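Trainee: First to last, the protein sequences are chains U and G.
Quick note on this note's numbering: the first sequence kicks off at 2 and runs consecutively.
Quick note on this note's numbering: the second sequence kicks off at 928 and runs consecutively.
Okay, here's the structure, questions in a sec.
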Amino acid sequence: MAEPAVTGAVPSTVGPSAARPASPRRKWTDSPHLWFWVFVGPFVAGLLVFIVIPILWSVWLSFYDARNTVTPTHFVGFENYSRMLGDSAFRSSLVTFVLFAAFIVPTTFVLSLGLAVLVNGVKRGKAFFRSVFFLPTACSYVVAAMIWRHSLFGGTAAGMVNTVMGWLGAAPIAWLSVVHPPWYWLVLVTVRLWLQVGFFMVLFLAALQRVPQQLYEAAALDGATGWKAFRYITFPQLRATSTAVLMLLLVNAFQAFDEFYNVLSTTGGYPPYARPPLVYLFNIALGNGQDFGDGSAGAVILTLIIAIFALLQGRLTGIGRRDTA
Amino acid sequence: MIASRGGRSARYLVLGVAAVLFLVPFYLLLRGALSTEQQLVGIDHWTWFPTHPQWSNLGDTFHNSTVPLGRSMLNSLVIAVTQTVLVLVISGMAGYGLARSTVRYANAVFYLIVATLLIPAAVTFVPSFVMVSSLGWVSTLRGLIIPGLFQSLATFLFRQYFLGFPKELEEAARIDGAGPMRTFLAIVVPNSWGFTAAIATITFIGSWNAFLWPLVIGQDQSAWTVQVSLSTYITAQSVDLSGMFTAALVSMVPLLLMFLFLQRWIVAGVEQTGINE
């Protein structure tokens, strides 16, 4: 690509640069293949060794009886798969995470976009509000889970939410141990909202600032302000950002482990409800049984489901098309 | 946008309430850290403020025999710094190569990377654990650091950024006979500090706050990271609440300091991560 520029520049300037191509310094850069691999090779090699090979190994293990061993000898075909699919606890974990994703993705999207629009619309205190909403990004799921479990939603009358509810005359609720109604969902969902809304708000804020002001002025002349301006100008202008945010939210939702584990686990155990797939697989593969065969089969099933979700979402939002540009 | 006076105060009201809600957890963290154990568990009613702030909790939390906070913070620091620096080098170079190379298969390699991006790293923890344990890396810093160095998201973001990097700057260097590596080091890197800082911050936060992988790999106490240490408070038989909150507060200090000093920069960085292009 640089070649035409060099030769193009030669005639207009004087001779010396004509000697350059022969200089010994240009060795490995002569080959575009070599220089590509010098730059990209380390990353691709690591990706192969630490991501691709483990996935393939996992597929292989999923066809073996592999308890407490990673070099199994007993081939069992699809037995692990049928056992996992027949396992009601595993199936319920899949339902748990589909429900969780179906709720958390749109809710985070709406709240972060809403906050971004509000913050963008104020004249004073913009920096202050942005900082306050962004600050939880520094907090880990482990720390947030502690606060939620032991202070905010403490199950006794001494919990903060129960105290506030007490002023209104409501009886204290055991937030984490009641299954009907499933109050623990409120705890799990609010932790994640608090942690991730601010980050996505900043992404939306950046996009909002790039919407040309003339569009609003033109629309105002046509009588489109407020909600109409948002519906017909702001939202369509945010399309690229929205697509990226949705994808990141979905990937994040699939990773659900940290807050579930830290909000609900007990000494050496985890209650049978609100168990997302990663928590379940963690117990199977790395718990006492160390059942890598079943664990791998579960991971493969999960990966397939995620791939289907991702493809569907890519179809719907057209993310693949944009990358070719 | 034209907003009425009433609309404007409603907007401030909503933002104000939201801001208070967002700050409540930080207040609870501070409250827990400065309380005595009795104030947190021994009484049956809520107290808004600890009557006698227990500043000594902060020092005591490092002398807990079951939770090695000091050691695990050091582990986390080593891991986070190493991962951040190496991710910047590995992904920065890969992103540049993918953005600028003329080889035909560059796009195919890029799509392979995007594909692995869609498979959440957390799903691969079983196979990755199998891999790392067969290398004998369980409970070692190597096992905690190396598998996390190959971040498809960072490479993806660097590529998007370098696609938008002005080519004219590089062409001047090319005309002077500089190869791709010299062009990269002398022209591209020095002009990309803002973006690099953004990726560095995000990587550092992610690494410091990581939980599942350190939980799986850091089996010996000597290899615990700060998040693993904290989580042992939660699953312990008898919870030492004030110790737990103090440790949590201490664990956040590095990130809070970073936020305090780099706030403007971090936000600007997140804004320009290229996701909005």
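Every residue gets a Cβ at the ideal spot worked out from N, C-alpha and C, and that includes glycine.
Predicted model only: the values in this text are computed from it and were never measured.
How long is the line joining the alpha carbons of G:L1184 and U:I285, rounded to whole angstroms?
Mentor: Working through the second sequence from its first residue, we reach residue 1184 of chain G at position 257. Working through the first sequence from its first residue, we reach residue 285 of chain U at position 284. Roughly 39 Å between the two C-alpha positions.
Trainee: I'd like to know whether the C-beta atoms of U:F293 and G:V1050 end up nearer to each other than 8 Å.
Mentor: For the purposes of this step, residue 293 of chain U is taken as the residue at position 292 of the first sequence. For the purposes of this step, residue 1050 of chain G is taken as the residue at position 123 of the second sequence. Going by C-beta atoms, U:F293 is not nearer than 8 Å to G:V1050.
Trainee: Between which two residues does the alpha helix (DSSP H) harbouring U:S113 extend?
Mentor: For the purposes of this step, residue 113 of chain U is identified with residue 112 of the first sequence, where counting begins at 1. Per DSSP, the unbroken alpha helix (DSSP H) holding U:S113 starts and ends at S89 to G122.
Trainee: Output, in chain order, the set of chain U residues within a Cβ distance shorter than 9 Å of G:G959.
Mentor: The residue you call residue 959 of chain G lines up with position 32 of the second sequence. Per Cβ cutoff of 9 Å: M147, I148, H151 and S152.
Trainee: Can you tell me whether G:R1027 is buried or exposed, with buried defined as 16 or more other CB within 10 angstroms of its CB?
Mentor: By 1-based counting over the second sequence, the position of residue 1027 of chain G is 100. Its Cβ being crowded by 16 or more others within 10 Å, G:R1027 is buried.
Trainee: Less than 8 Å between the CB atoms is what I'm expecting for U:L251 and U:A128, so what's the real figure, rounded?
Mentor: In the first sequence, counting from the first residue as 1, residue 251 of chain U sits at position 250. In the first sequence, counting from the first residue as 1, residue 128 of chain U sits at position 127. No, U:L251 and U:A128 are not in contact; Cβ-Cβ is about 30 Å, not under 8 Å.
Trainee: Taking Cβ positions only, does U:G296 come closer than 8 Å to chain G?
Mentor: As a working mapping, residue 296 of chain U is identified with position 295 in the first sequence. By this cut-off, U:G296 is an interface position.
Trainee: Look up G:G934 in the DSSP assignment and give the residues it is bridged to.
Mentor: Numbered from its first residue, the second sequence carries residue 934 of chain G at position 7. Looking at the DSSP assignment, G:G934 forms no beta bridge with any residue, so it has no partner.
Trainee: Closer than 7 Å by beta-carbon distance: list the chain G residues that pair up with U:N263, in chain order.
Mentor: The sequence position of residue 263 of chain U within the first sequence is 262, counting from 1. The contacting residues are S1158 and I1161.
Trainee: Between U:L239, U:S266, U:V198 and U:Q197, which has its C-alpha nearest G:T1210's C-alpha?
Mentor: This structure cannot settle anything about residue 1210 of chain G, because the visible part of chain G is limited to 928 through 1204.
Trainee: Applying the criterion that 16 or more other CB atoms from any shown protein chain within 10 Å of the CB defines a buried residue, is U:L177 buried or exposed?
Mentor: Within the first sequence, numbered from 1, the residue matching residue 177 of chain U stands at position 176. With 16 or more Cβ atoms within 10 Å of its Cβ, U:L177 is classed as buried.
Trainee: Quick one: is U:R240 buried, meaning 16 or more other Cβ sit within 10 Å of its Cβ, or exposed?
Mentor: Residue 240 of chain U sits at position 239 when you count from the first residue of the first sequence. Taking all protein chains in view, the Cβ of U:R240 is surrounded by fewer than 16 other Cβ atoms within 10 Å, so the residue is classified as exposed.
Trainee: When the Cα atoms are used, what is the spatial distance from G:N1002 to G:F1092?
Mentor: Along the second sequence, one-based indexing puts residue 1002 of chain G at 75. Along the second sequence, one-based indexing puts residue 1092 of chain G at 165. When rounded, the distance between both Cα atoms is 36 Å.
Trainee: Starting from G:Y1032, trace the alpha helix (DSSP H) both ways and give me its first and last residue.
Mentor: Along the second sequence, read from residue 1 onward, the residue named residue 1032 of chain G stands at position 105. Counting along the chain, G:Y1032 falls outside any alpha helix (DSSP H), and DSSP gives it neither H nor E.
Trainee: Count the other C-beta atoms from every protein chain shown that fall within 10 angstroms of the C-beta of G:T974, then say buried if there are 16 or more, exposed otherwise.
Mentor: To locate residue 974 of chain G, count along the second sequence from 1; it is residue 47. It counts as exposed.
Trainee: If we count the other Cβ atoms within 10 Å of its Cβ and call it buried at 16 or more, is G:P952 buried or exposed?
Mentor: Mapped onto the second sequence, residue 952 of chain G falls at position 25. By the neighbour-count rule (16 or more Cβ atoms within 10 Å), G:P952 is buried.
Trainee: Give the residues of chain U in contact with G:I1006, contact being defined as C-beta atoms less than 8 Å apart.
Mentor: Counted from its first residue, the second sequence places residue 1006 of chain G at position 79. Those within 8 Å of G:I1006 in chain U number zero; the least Cβ separation is about 14 Å.
Trainee: Check the Cβ-Cβ distances between G:F1056 and every residue of chain U, and say whether any is below 8 Å.
Mentor: In the second sequence, residue 1056 of chain G corresponds to position 129, counting from 1. With 8 Å as the cut-off, G:F1056 counts as an interface residue toward chain U.
Trainee: Look at the alpha carbon of G:F989 and the alpha carbon of U:A300, and state the distance between them as a whole number of angstroms.
Mentor: Here residue 989 of chain G refers to the residue found at position 62 of the second sequence. Here residue 300 of chain U refers to the residue found at position 299 of the first sequence. Cα to Cα, the separation comes out at about 38 Å.
Trainee: For the putative contact between U:L196 and U:A145, defined by C-beta atoms under 8 Å, what is the C-beta separation to the nearest angstrom?
Mentor: Taking the first sequence and counting its residues from 1, one reaches residue 196 of chain U at position 195. Taking the first sequence and counting its residues from 1, one reaches residue 145 of chain U at position 144. The Cβ separation is near 6 Å, so the contact holds.
Trainee: Distance cutoff 8 Å, beta carbons only. Does U:T267 sit that close to anything in chain G?
Mentor: Within the first sequence, numbered from 1, the residue matching residue 267 of chain U stands at position 266. By this cut-off, U:T267 is an interface position.
Trainee: Using 8 Å as the cut-off, can you tell me whether the region 977-988 of chain G makes contact with the region 1114-1129 of chain G, which would need three or more C-beta pairs spanning the two stretches below that distance?
Mentor: no
Trainee: Let's test the definition: count the other Cβ atoms within 10 Å of the Cβ of G:L1080 and tell me whether it reaches 16, buried, or not, exposed.
Mentor: In the second sequence, counting from the first residue as 1, residue 1080 of chain G sits at position 153. It counts as buried.
Trainee: Quick one: does G:T1043 have its CB under 8 Å from some CB of chain U?
Mentor: As a first step, residue 1043 of chain G must be located in the second sequence, where it is residue number 116. Answer yes: the Cβ-Cβ gap between G:T1043 and chain U drops below 8 Å somewhere.
Trainee: Which of helix, strand or coil does DSSP assign to U:G270?
Mentor: One-based indexing of the first sequence puts residue 270 of chain U at position 269. Here U:G270 sits in strand by DSSP.
Trainee: CB U:Y82 to CB U:A298, shorter than 8 Å?
Mentor: As a position in the first sequence, residue 82 of chain U is number 81, starting the count at 1. As a position in the first sequence, residue 298 of chain U is number 297, starting the count at 1. Yes, they are a contact pair.
Trainee: Using a cut-off of 8 Å between C-beta atoms, extract the partners of G:S1028 located in chain U.
Mentor: Your numbering for residue 1028 of chain G matches position 101 in the second sequence. The answer, in chain order, is P33, W36, F37, F40 and V41.
Trainee: Enumerate in chain order the residues of its own chain whose CB-to-CB distance from U:P22 is below 7 Å, with the five nearest sequence positions on each side excluded.
Mentor: If you number the first sequence from 1, residue 22 of chain U lands on position 21. Any reading at U:P22 must be qualified, since the residue scores a pLDDT of 49, below 50, and its modelled position is unreliable; the value itself is stated next. There are no such residues.
Trainee: I'd like the span of the alpha helix (DSSP H) that includes G:P1117, first residue to last.
Mentor: What you label residue 1117 of chain G is simply residue 190 of the second sequence in a count that begins at 1. It is not in any alpha helix (DSSP H) - G:P1117 carries neither H nor E in the DSSP assignment.
Trainee: So that I know if they touch, is there some Cβ in chain G lying closer than 8 Å to that of U:T8?
Mentor: Here residue 8 of chain U refers to the residue found at position 7 of the first sequence. Low local confidence applies: a pLDDT of 38 at U:T8 is under 50, so the model's placement there is unreliable, with the coordinate-based value given in what follows. No - not a single Cβ of chain G is within 8 Å of the one on U:T8.
Trainee: Verify the CB distance criterion: does G:A1150 have a CB-CB separation below 8 Å to chain U?
Mentor: The residue labelled residue 1150 of chain G in the question sits at position 223 within the second sequence. G:A1150 does not count as touching chain U.
Trainee: Taking the straight line between their C-alpha atoms, what separation do you get for U:D324 and G:L955?
Mentor: The sequence position of residue 324 of chain U within the first sequence is 323, counting from 1. The sequence position of residue 955 of chain G within the second sequence is 28, counting from 1. Only weak support is given to the placement of U:D324: the predicted model assigns it a pLDDT of 44, under 50, and the question is left unresolved by the model.
Trainee: Quick check: is the beta carbon of U:R232 nearer than 8 Å to any beta carbon in chain G?
Mentor: Within the first sequence, residue 232 of chain U is the residue found at index 231, counting from 1. It does not; no Cβ of chain G falls within 8 Å.
Trainee: Between U:V53, U:W58, U:E80 and U:P43, which lies nearest to U:D66 when the distance is taken from Cα to Cα?
Mentor: As a position in the first sequence, residue 66 of chain U is number 65, starting the count at 1. Looking at the Cα atoms, U:E80 is the closest of the given residues.
Trainee: Taking the alpha helix (DSSP H) that G:G1070 falls in, what are its first and last residues?
Mentor: Here residue 1070 of chain G corresponds to residue number 143 of the second sequence, with the count starting at 1. Per DSSP, G:G1070 is one residue of the alpha helix (DSSP H) stretching across L1068 to I1072.
Trainee: Taking G:L917 as the reference, which of G:P995, G:L1084, G:R1109 and G:R1086 has the closest Cα?
Mentor: Summary: the structure shown does not reach residue 917 of chain G, with chain G confined to residues 928 through 1204, and so no result is reported for it.
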